[in-house]
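Peer 1: This is the structure I want to talk about, given as structure tokens.
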Amino acid sequence: MGKKYTYYPGCSSESSGSHLDVSLRAVAPKLGIELEDLNDWNCCGASVAHVEAGALPASALSARNLANARAQGNQDVLTACAACYLKTHHTNEKIRDKPGFKEKINEALGAAGQSYDGDLHVRHACEVIVNDVGLDKIKEQVTNPLEGLKVAGYVGCQTVRPFAGTEGGGDYDTYEDPEFLDDFIRSTGAEAVEFDSKTACCGGAIALMSPDRTLGLIKKILDEAKEKEADCIATPCPLCQQNVEMYQAAVNKEYGTDFQIPVVFYSQLMAVAFGMDVNKDACLDRNFISADVIAQKARK
Amino acid sequence: MAPNSQTILVVGGGIAGISAAIEAAEAGADVVLLERSPTLGGRVAGLNRYFPKLCHPTCGLEINYQRIKKNKNIKLFTMAQVATVEGQAGNYKVTVKTTPRHVNAKCTACGACSEAATSEIPNPFNYGLDTVKAAYLPHEMAFPMRYVIDGSVVGTPEGDAIKSSCKYDAVDLEEKEKTFDLTVGAIIWATGWKPYDAARIEPYSYSESPDIITNVEMERLAAHNGPTKGQIVRPSDGEPARKVALIQCAGSRDTNHLPYCSAICCLGSLKHAAFVRQQYDDSQVDIYYIDIRAHDKLEAFYQKVKADSGIHFIKSKPGSIVVGEDGRPTVCGEDTLGRDIYANAYDIVVLATGMEPCSAREYRVPVEVEMDDYGFIVPKTGNGSGIFSAGVAQGPNDVSTSVQTATAAALRAIQAVRG
Amino acid sequence: MSDRKAGVYLCKGCGIGDAVDMDAIEQVAVSEMKAPLCRQHDALCSDEGLKVIQDDIDGGEINQAIIAACSHRVMTDRFQFNGTQVVRANLREQVIWCHPANDEDTQMLAADQVRMGIAQAAKFDTPQPWTEGDFNRRIMVVGGGVTGLSAAREASLTGHEVLLIERADSLGGWAAKWSRRLPHRPPYRDPQDNDLGALVSEVEGDSKITVMTGALVTRTEGMPGKFTVEITRGGAAVLETVGAIVVATGWRPYDANKLGHLGYGASPDVVTGVELEEMLANGGIRRKSDGQAPKTVAFVQCAGSRDPEHLPYCSSVCCGVSIKQALLLVRSDPDAMAYIVFDELRTPGTAEEFYRQAQEAGVVFIKGKVKSVGADLTVTVDDALLGEEVPMTGLDMVVLATGMVPNSTNPDAEAEADEFQEQLKADINPAVPIPSAGFANGGEGEEPQEGFPWPWKDKTPTGGSILNLQYRQGPHIPMLADGFSDSHYICFPYETRRTGIYTCGPVRRPMGMAESADDAAGAVLKAIQAIGNAAEGAAVHPRAGDLSFPKIGYDICTKCRRCTVECPFGAIDEEEDGKPVVNITRCRRCGTCMGACPVRTIGFDNYNVQMISDMISAVEIPDEFAEKPRILILACENDAYPALDMAGINRHQYSAYVRTIPVRCLGSVSMLWVSTAIERGYDGAMLLGCKSGDDYQCHFVKGSAIAKERMSKVGETLKSMMLEEDRVISEEVSIADSARVADLIDRFAGKIGELDANPFKGF
Amino acid sequence: MTANMAATIPGQSARKYDLGFARWVYENIEGGDKLSMCMQCGVCSGSCPLGTEMDYGPRKLFMMVRAGMKDAVLKANTMYNCTSCYSCVVRCPRGVPVQYILQDLGRAAARMGYQEAKTTDNARFAKAFIWSTRKFGRTDERLFTFKYYLSFGLGEAIKKAMANMSIAIKLVKTKRMHLGMPHRIKGTKDLNAILAKAAEIEKREQGI
């Protein structure tokens, strides 16, 4: 049996990022990760809530989730979404470390009769895979190595920034040139192309509100993936996945390009390489730029 | 209690250690000088020129080496470092560990071993920018003037060939790590610095392009005895580097890296700007900086360099250096005086990496010393202690200040051993 | 030396024996040069080889060893035989490593190297040190501020008596006025207690230190080990004897009255940093106008410093001092606002922590040039970061961070005679443009221009000398164009042109308290060395330990004064009739006097005009039909000669027609040597020495410049001999020029080859 | 921090480098306590993906805070071009949490009623986002997006929705957007109570 974590899926798991959630749940047991869903979890607020709701209410969103998690036990909280991780982890640290903050947050939580004192660890799924699982475990599970598949590992921002290099963040990789995703890709038997844009910004939430401001950022990422002849882009971040996949048509229209590069989650690669069902587990059918190339390359 | 030993041990044979040893010896003290590498000279031996006079460090080293050769008070051990220290002021028992050079004192520096050698190793003197035979003279100004045989050839046919090439029985492939003991009255740590690892400044892509180099590498490129015989060229293709960016505070003044200012890099880069401009009439040099710290008289050097029409100062800490589509390193950031966002491509980009004291990480001082948060050994004054520091072991100092601290440390060590 | 028994030892090691016919060389030594003994060995530097020489010495066979092997720069320690004279002839670096093996010309060169060695040995005497009279070990420290106090204490702790002279009535200097000092110990974040009082007490309680306050040095004569100083106190003068002098006269604040554009004088609430410091030490910051504590204070950096109209240099400490004062202000009153207006913020090294500390405390840093400060305290800043001109209004006080002016002269003393004022016009200008291909040019064809006016180049500091040296070369300690006392400010910071007199602290370059205290310790060590060496008759840096010294043949001396004028170290005085007198312990043994002497009557026991002339003459000159020209090279032994050695190490090949003799300094080159060479039939001569001029690289400061000057007159001599002027040239060669020097030689040899052979051959 | 901070929010100062506003920022803006550490090196602005879209980069904005240029700071579009990539945060050599400060300055500008702040895409987007969060406890991408479009008026909303229709259809087809009832958490009431309380505390502390 694996190690148990309280799992916070986040809002995207129910919509645009559902294939991350499904594929992660599929591969987790094989990696020795036991996921117990967080009770009645709410939205983390992402990078958006703050401007409208205010700093403390934005933190209070995470604090409620943390209080719920604590009520479930003291196992580590795991989330696979970059924004959920950043907000929840940061709130947790502030409650633990920032003078006076715990009192304020608990005053707010008190309105619902809840409290929380900062003693949980909030961890990103990738960090857990690096630190608790290990690459060997991934390799052990590979039955259908993705030989010959060229993957551009696109980490994005918030998965690593600003916490990957901190002690609290598990100190599992660097901010600008992280290696973990390439390691994951290689562990599945695929080839990780040298991808300088690995931590370039896709525009984040601004891409959703004003795509015209951010198409250029997305184009740069696609440009390099194409230049490096990547078969697909793999990412850990739901918003990155969404932006880079969803706006390819708009980029093509704006710049006269013809990008058709599938954008998948690392967990989808793993599910395929682990020999699991390409649609039910790996959710390749949830990519609207066809990611069938992954299944095709997988050695049967 | 009278001190038992009047010998002063100087650890480190860079400019600070050399100066401390000679100054103490010329005042009559007995000195043992230890150097970890095969030759004296330390970091300065690898510099092309000094600021602000643009004169060659080897000139001063030659004088110092002559002083050592003529002074009977100095005993020199190379490839030696301190393993342990016990005791107190006036009576320290020091265990010294030596690593094998595989060449003994019979070496005449004739060079036959090097001719016999076939394999090449990265040249440590040139920071690995080129290679050198596995039997090599560290450089033409090496002191002692004696060859080194790299351990990689021990037990190989090449090693045997090297050994048999020597007519003077100077090759000793059997040589092992050794230790010996010294009794000394005072110790001066002059263990110097190493360049901050530029690869750790990830946005500056040091590992991504051969044309992104560090300031110490620039010294080697510009030096007549460097990998390019003094031609400042792009390491990637050997083409002249006519457009050059110098990036200040690459690591220094940065709480993510070295929180202190390394004090020498601004002047070093001003010097590098002059190197490039001296070599190519149609060159352009851009210096990216936060503050130009040309303190005291060195301000004159800054003003001189500033007066050159081919050198531009951009007050900006670049956000990143990326390798552009044409393969040229491109410096990206904001010009804080104009608020322009720039992306400028260069032939080479030179990172003015800071100084990290060897005592911080590389080398643990095996005796109780007061050390600050960065690993600099806090200088001691007055009586009571027999442990002193000099040069960059003490703080980020330039050559002149290192010599100053070394001379002061020599005096205080003399005070300690003479009670 | 009357009974010379020179043994010649020919080393065949390192391939010498393979490249050169050593038996033929032995023939030259024995048959031609009449060496009483000559031996060959396969490796002279081996234990066996050394034993051969030692046995000859022990057996009384020889008392001079001429070792023809590698360069004298290597195996120096091995070829030492307990006082037996050793002469080295370089067959390796400068013969077989840079010329083809088994070649006629290489063979001739090797033979000449041995001939020169034998000729040198014949004129080589072991120097006897000069140790006449008593040598005093006491150290005089001039200046009782932090630097001088530290120097006195350090000297005392090292066992020396000290005479400490302070012109004020009490010890302490400026630092005694500071409330707190800059942090110099970890964590470098907070102003530290001013512990100067403790140092003053230590000095006052030190029985080895004699303190004289209210005193001035009014006259200094003598030399290291034997200085006589006149000290005047309250009108009365006393004479004291000291062995060495440490000058720690420090600095004074730049006169704020010259800073009218920064509002000084327009409002009483525009004050200097020093004035603010005095307030801090005396109860806190108060406005002079109304006695109120100011709430809003701007600190203007570079008030005078880094300004061509005022002080061209950076005063180094002002940024730190303003940060300290601003911190003290905002800490004493949390509502107070402190602004530091700067151009470049200079907190080098760990002082960066102090900068951060001030920011954390809320001190605001504004980058920009202050254009004016009004009587209403409005500071108008060209705000570089906002990109607009900003009037800062509502200030309660403006503090000008005025710079440091070195007390390299005593501003209160009367200036010396005009002829000596000339000495203050510094001869070295650090702002000279860097000569180069692209440097300081708009492009090709444009003349390099001086970008930054260096105003002190032609001005002289006010006041009289510090020591009133009774030297032929004047009363002052030489200074550089920025007004600071001369110092070789890179490799050897304590070197001055006045042996036994060491400057330290801010008189040498701007520095703070901690660095000054360290600098004092360094200067004291140099003073101790000067005393020790003087007593042993040995030279100090750079020819440390050299026992030789210049001797003047007074029967021939014409009292022409060239030696007294040209000595870079002011070591030679004149008696009233012009007779030169060498103050031997001031001498650095460079030989510039020897080169200067028109009648060649100055020389050293082991280095003299005749010796080099004989070496030149010992070279075999092929006749004019042999088409084998000979070129004499006189090379500076510290730079050019090692460069030639390294040319060999790098196997750079060059003409084998050259015959090279190392010289102590080009300044020591007697023009007789050049004329001897020409008369003997050499076809050309090259002088290879260090860079001269404003960025000179000569370790004897003026040697190469003087040689250049002398060389300019050689052309006339050549013309008078009906020879081409360009047969004799002078080149600047640095130690790093190993590749270039080979090229220079070949080009010159090529030129000489184009000329007819020297008609004096065979005369 | 006092309960009546509201009275101390400084107005726009007539005098450059009046520290009233800066001190308010230091004390009340998230991460503002580190703002004084900025040494104006420009690494933040130079690292910013949308730096070219900004009226002023973060560096200059911070200098303007110090200079007391309250109106210019709070009217700037800088805060709304931050993508939260955190490059500035990890690169800042002085540990200034640039992104946090920008975000909170944007919030402060909106609260203080600056029209420039209230009419940005970001403000409209955030309003819609929070609406969903408050209503359902979670983000319903479909509903809040349309709500966001509606903030531009009905006509504009339909235009925007039509423009994105192909994406929406693809999302639905790939099971990444559902067409049923929004997922609603059980504790929406608790959540809203907590949020209201937090807002109340914040207003008490900062006066806005």
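Chains as they are written, first to last, in this note's numbering: chain A, 1 to 300; chain B, 1001 to 1419; chain C, 2001 to 2763; chain D, 3001 to 3208. Glycine included, every Cβ here is placed at the ideal spot set by N, Cα and C.
Interface residues of chain D around Y2339(C) at Cβ under 7 Å?
Peer 2: Neighbours of Y2339(C) on chain D, chain order: Y3017.
Peer 1: Within the continuous beta strand (DSSP E) that includes N1091(B), where are the two ends?
Peer 2: Segment N1091 to T1098, the beta strand (DSSP E) holding N1091(B).
Peer 1: Given 8 Å as the limit, is there contact between the stretch 1088 to 1096 of chain B and the stretch 1162 to 1182 of chain B, that is, 3 or more CB pairs closer than that?
Peer 2: These segments touch.
Peer 1: For D97(A), which residues in chain D fall below 9 Å Cβ to Cβ?
Peer 2: Ordered by position in chain D, no residue passes the 9 Å Cβ test against D97(A), which lies about 13 Å from the chain.
Peer 1: Can you list, in chain order, the residues of its chain whose CB lies under 7 Å from that of I2528(C), leaving out five sequence neighbours each side?
Peer 2: Cβ neighbours of I2528(C) beyond the five flanking positions: T2158 and H2160.
Peer 1: What number of angstroms, rounded off, separates the C-alpha of A295(A) from the C-alpha of P262(A)?
Peer 2: Roughly 12 Å separates the two Cα atoms.
Peer 1: Leaving out the 5 sequence neighbours to the left and right, which residues in its chain are closer than 6 Å to M3001(D) when beta-carbon positions are compared?
Peer 2: Any answer about M3001(D) is weak, because its pLDDT of 38 lies below 50 and its placement is not dependable; what the coordinates show is given next. So the qualifying residues of the chain are E3205.
Peer 1: Check H1139(B) in the structure and name its three-state DSSP category.
Peer 2: Reduced to three states, the DSSP call for H1139(B) is coil.
Peer 1: Less than 9 Å between CB atoms is the rule here; does S3045(D) satisfy it with respect to chain B?
Peer 2: Closer than 9 Å: yes.
Peer 1: Among the residues of its own chain, which have a CB less than 8 Å from the CB of S1205(B), if the five just before and after it don't count?
Peer 2: The answer, listed in chain order, is I1212, S1320, I1321, V1322, V1323 and P1329.
Peer 1: Evaluate contact between the stretch 1257 to 1268 of chain B and the stretch 1289 to 1304 of chain B, counting only Cβ atoms and requiring at least three cross-stretch pairs below 8 Å.
Peer 2: These segments touch.
Peer 1: In chain B, which residues lie less than 7 Å from M3039(D) when you measure between Cβ atoms?
Peer 2: Chain B residues near M3039(D): I1290.
Peer 1: Using a cut-off of 8 Å between C-beta atoms, extract the partners of G1354(B) located in chain D.
Peer 2: Here the premise fails: no neighbours, minimum Cβ distance about 12 Å.
Peer 1: So, do the stretch 2635 to 2649 of chain C and the stretch 2723 to 2741 of chain C have three or more beta carbon pairs nearer to each other than 8 Å?
Peer 2: Result yes; three or more Cβ-Cβ pairs closer than 8 Å.
Peer 1: How far does the beta strand (DSSP E) with L78(A) in it extend, from its first residue to its last?
Peer 2: Element bounds for L78(A): V77 to T79.
Peer 1: Go ahead and pull the three-state DSSP assignment for G2143(C).
Peer 2: Coil.
Peer 1: Provide the residue(s) that pair with G2693(C) in DSSP beta bridges, ordered along the chain.
Peer 2: Partner(s): none; G2693(C) has no beta bridge.
Peer 1: What does a CB cutoff of less than 7 Å around L3150(D) pick up in its chain, not counting 5 residues either side in sequence?
Peer 2: Within the same chain, L3150(D) has close Cβ partners A3157.
Peer 1: Quick check on the burial criterion: 16 or more other C-beta atoms within 10 angstroms. Buried or exposed for G2328(C)?
Peer 2: Here residue 2328(C) is Leu; the residue named in the question, Gly, does not match the sequence. Buried: at least 16 other Cβ atoms inside 10 Å.
Peer 1: Near D2577(C), which residues of its chain fall below 7 Å by C-beta distance, leaving aside the five closest residues on each side in sequence?
Peer 2: The answer, listed in chain order, is K2559.
Peer 1: Between A2401(C) and G2273(C), how many whole angstroms is the CB-CB distance? I'm expecting something under 8 Å.
Peer 2: Confirmed, about 5 Å.
Peer 1: Taking only beta carbons into account, state which residues of the stretch 173 to 191 of chain A come closer than 7 Å to chain B, listed in chain order.
Peer 2: Within the stretch 173 to 191 of chain A, the qualifying residues are T174, Y175, E176 and D177.
Peer 1: Please work out which residues of its chain come closer than 7 Å, Cβ to Cβ, to F3021(D), disregarding the five sequence neighbours upstream and downstream, and give them in chain order.
Peer 2: If we look at F3021(D) and ignore the five residues flanking it on each side, its Cβ neighbours are P3010, S3013, V3065, G3068 and K3070.
Peer 1: Which parts of the stretch 1323 to 1365 of chain B are runs of the beta strand (DSSP E), unbroken and 3 residues or longer, counting only runs that do not cross its ends?
Peer 2: As far as the stretch 1323 to 1365 of chain B is concerned, its whole beta strand (DSSP E) runs of at least 3 residues are 1329 to 1335, 1340 to 1345, 1348 to 1353 and 1355 to 1357.
Peer 1: Can you name the residues of chain D whose CB is closer than 7 Å to the CB of C237(A)?
Peer 2: Within chain D, no residue comes near C237(A); the closest Cβ sits about 11 Å away, beyond 7 Å.
Peer 1: Using a C-beta cutoff of 9 Å, does C157(A) count as contacting chain D?
Peer 2: It does: the Cβ of C157(A) has a partner Cβ on chain D nearer than 9 Å.
Peer 1: Is the Cβ of K2526(C) closer than 9 Å to any Cβ of chain D?
Peer 2: No, because no Cβ of chain D sits closer than 9 Å to the Cβ of K2526(C).
Peer 1: Return yes when the Cβ of V2658(C) is within less than 9 Å of the Cβ of R2680(C), no when it is not.
Peer 2: In this structure, V2658(C) does not lie closer than 9 Å to R2680(C) by Cβ.
Peer 1: Assuming contact is defined by CB atoms lying nearer than 9 Å, are R3111(D) and G54(A) in contact in what I supplied?
Peer 2: Their beta carbons are under 9 Å apart, which means R3111(D) touches G54(A) by this criterion.
Peer 1: If you reduce the DSSP assignment to three classes, tell me which class D2343(C) lands in.
Peer 2: Here D2343(C) sits in coil by DSSP.
Peer 1: Should V1044(B) be counted as a contact of the ligand GTP given a C-beta to heavy atom distance under 8 Å?
Peer 2: Absence of the ligand GTP from the depicted structure is noted, as is the absence of any ligand whatsoever, leaving it without description.
Peer 1: What does M2954(D) reach in chain A if we use C-beta pairs closer than 8 Å?
Peer 2: An answer regarding residue 2954(D) cannot be provided, because it is not within the stretch 3001 to 3208 covered by chain D.
Peer 1: Can you list, in chain order, the residues of its chain whose CB lies under 7 Å from that of Y2355(C), leaving out five sequence neighbours each side?
Peer 2: I2323, L2345 and T2347, listed in sequence order.
Peer 1: On the premise that D1347(B) lies in contact with A1241(B), defined as a C-beta separation below 8 Å, what is that separation, rounded to the nearest angstrom?
Peer 2: About 4 Å separates the two Cβ atoms, so the contact holds.
Peer 1: Give me the subset of the stretch 3063 to 3077 of chain D whose CB atoms are less than 9 Å from a CB atom of chain C, sorted by chain position.
Peer 2: Within the stretch 3063 to 3077 of chain D, the residues whose Cβ lies closer than 9 Å to some Cβ of chain C are M3063, M3064, R3066, A3067 and M3069, listed in chain order.
Peer 1: Could you check the C-alpha separation between M2033(C) and I2118(C) for me, to the nearest Å?
Peer 2: Spanning the two alpha carbons is a distance of roughly 7 Å.
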